[in-house]
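Positions 502 to 713 (this note's numbering) are the ones given, in order, by the sequence shown.
Below is one structure, written out as structure tokens; the observations come after it.
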Amino acid sequence: MWALIVDRLRSYAALRRDIDKVGALSQLERELSRSGDVLPGQHEHGPGAVDASLPGAPPESRGQHAAANIPSHPAGLRATLVREFLAERTGDRDLDRDILGHCALRLGRELDEHRATIAVLAAVAPLLGLLGTVLGMIETFDVIALFGTGNSRALASGISVALITTQTGLLVAIPGLLMSNRLGRAAEQLHTGLEETHAALERCLAPKEKTA
């Protein structure tokens, strides 16, 4: 369980790097929409071209856009969504919206990975402790049946088993439940950031109204 918890904590910390940055989303929208009516990379020279200012652009296409200020940390959530979308987009607006939704859905599933397992393990730990308690009490009553209540040393063995297993179950369950709740809050914040980024990219893909 703790290996899964540490893995989730490290993953969430990396993904938050461009979520926690103040103004990152509005900055991303400005950079994505600065090309006018099209999403960067869909210029007159073809839908396959990639704007070098976006995460995931090939090095040879950087040119004058090398200093573009789009969140580009390889592990950042927004940068990851933009990079995965650019890798799969076709240049067709309707199809690209479907692709964008699929990329966002896939990232959302990855955010929730292992969370259910951690919650189940934390919830099961006290039950395992209770099982040990029951076994210890059974051992204690077996001793009483054989020697009566006068042999305190023999009784102590079964009672010790009952208490130790209960203690172990609680030591696993209490921090496990706390960490499960913490991971849940972190995942909710990342889901919110993912939805905001998805909406920003959707707006960039939407056809712009022409003014007369």
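The beta carbon of each residue, even a glycine, is placed where N, CA and C say it ideally should be.
Residue i in three-state terms, based on DSSP
i, result
"I506", "helix"
"I520", "coil"
"R654", "helix"
Residue i, enclosing alpha helix (DSSP H) - first and last residue
i, result
"A707", "Segment: none, A707 is in no alpha helix (DSSP H) and carries neither H nor E."
"H603", "R594 to L612"
"R616", "R616 to F648"
"R584", "L578 to E589"
6 Å Cβ shell around residue i - same chain, five flanking residues per side excluded
i, result
"Y513", "A687"
"L678", "A623"
"L702", "L601"
"I520", "L578 and G694"
"E585", "C604"
"E589", "I600"
7 Å CB neighbourhood of residue i in its chain, flanking five on each side removed
i, result
"A707", "none"
"P627", "G670, L671 and A674"
"G609", "H692 and L695"
"I660", "G637 and T641"
"L596", "none"
Selected residue, minimal CA-CA separation from residue i, among the options
i, options, result
"A605", "A655, V583 and T667", "V583"
"A515", "R579, L505 and Q668", "R579"
"R518", "A504, G577 and T650", "G577"
"A700", "S681, D599 and S658", "D599"
"Q690", "E589, L612, A588 and M680", "L612"
"W503", "E697, M680 and T698", "M680"
"T581", "R607, S658, A646 and I665", "R607"
Beta-carbon contacts of residue i that lie in its chain and below 8 Å, excluding the five residues immediately before and after
i, result
"L684", "I506, R509, L510, Y513, R616 and I619"
"N652", "V644"
"V662", "G633, L636, G637 and E640"
"T667", "G630, L631, G633 and T634"
"F648", "A655"
ask   = Do three or more CB pairs link the region 619 to 631 to the region 664 to 675 at distances below 8 Å?
value = yes
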